[in-house]
Structure formats: structure tokens, C-alpha cells
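S.K.: Mind looking over this structure? Questions follow.
Set out below in C-alpha cells:
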């Protein structure tokens, strides 16, 4: 204010018609701006502020929904992993059971083959023993005939030899 007084006294700030016209024009311009320009600017700013607030609320809502979906997805992934673990465990148990069944079947088949082979061996041994008996009887008959010089009938010789063979087989040293 002191500066204004200094300017007035110095004549630098003279109040004249031009200054008054400028002040009136400034005040009119300020009134026009306040009446017709400022309210639309304020309304636009308020509308923009409201729009930004709504967008922020929508963004917050979208963020919450995204978090809920993320939690739901994580829960679903956890359930899927648990289910996959159960399925793998069941598959492992089934594979183990199948393997055990296959091993048991293989053992049973091996037992059956061994039993059949044992029966075949016993039958073949019996046939071999019977064949050897017959051959021995024929050899003994021929040897006796040569030694004795006389011929007994074949049936009598055979009975005599079979009785001797059975007697020899019944002895403990012959069984080994």
C-alpha cells in the first residue's frame, strides 16, 4: 500500500478515465466469467471428479473381484492337486496289485510246470525201469540157457527172473 501512495505522489499512478474504464472492464469481465464461464468449468471439474471417483470405485471393485477369483482359482488348483495325488496313489496301488497278481500267476505257472515235469520224469523213469527189467529178464534167460544148457519154457523163466528182481529191489542196498 505504501508503494501505491508513493506512485500516486510521484504521479506515476494517475487516476484518470482510462484507469476507471480498465477497472470497469476488468470487473465486467470478472462478472461474466463468474456468471457464465466459471459455473460450467466447476460443473465439468465436479463431473470429472465424480467420474474419477466412480472409476476408482470400479477399479477397487474389480481388484476385489480379481482377488476373489485368484483365491478361488488357487483353491481349485489345490483341489486339483489333491485329486491328482489321490489318482496317482490309486494308480500306484493298482499297479502294485497287478504286479503282485502277475508274480503270483507266474509262481503258480512255475509250480504247475514243475509238477508236470516231475510227473513226466516219474512216468519216464517207470517206463525206463520196466524196459530195463524186460531187457534184464531176456539177458538172464539167455545167460541161464547158455549156462544150464537146457531150455526152460519162457514163461517159467520170466516168473523166476521177476521174482529175483523184486527180491533184489526189496533189499536196502538196491534201493539206493
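In our numbering, the protein residues as written are 1 to 176. A virtual CB, placed ideally from N, CA and C, is assigned to each residue, including glycine.
When burial is assigned at 16 or more other CB atoms within 10 Å of the CB, is residue 94 buried or exposed?
M.R.: So residue 94 ends up on the exposed side.
S.K.: So residue 165 and residue 133 are in contact, right, with Cβ under 8 Å, and what is the actual spacing, rounded?
M.R.: The Cβ separation is near 6 Å, so the contact holds.
S.K.: Ends of the alpha helix (DSSP H) at residue 21?
M.R.: Looking at the DSSP string, the run of the alpha helix (DSSP H) that includes residue 21 is 17–32.
S.K.: Using the Cα positions of residue 89 and residue 66, report the straight-line distance between them to the nearest angstrom.
M.R.: So the alpha carbons of these two residues sit roughly 34 Å apart.
S.K.: According to the neighbour-count rule (16 or more other Cβ atoms, all chains shown, within 10 Å of its Cβ), is residue 16 buried or exposed?
M.R.: That one is exposed.
S.K.: Does the Cβ of residue 169 have 16 or more other Cβ atoms within 10 Å, making it buried, or fewer, making it exposed?
M.R.: Exposed: under 16 other Cβ atoms inside 10 Å.
S.K.: Less than 7 Å separating the beta-carbons of residue 128 and residue 161?
M.R.: It is not a contact, given that the beta carbons lie outside the stated cut-off.
S.K.: Taking DSSP as the reference, what is the three-state secondary structure of residue 122?
M.R.: The answer is helix: DSSP assigns residue 122 an H, G or I state.
S.K.: Helix or strand or just coil, what does DSSP make of residue 45?
M.R.: Helix.
S.K.: Using 7 Å as the threshold, is the C-beta distance between residue 141 and residue 157 below it?
M.R.: Going by C-beta atoms, residue 141 is nearer than 7 Å to residue 157.
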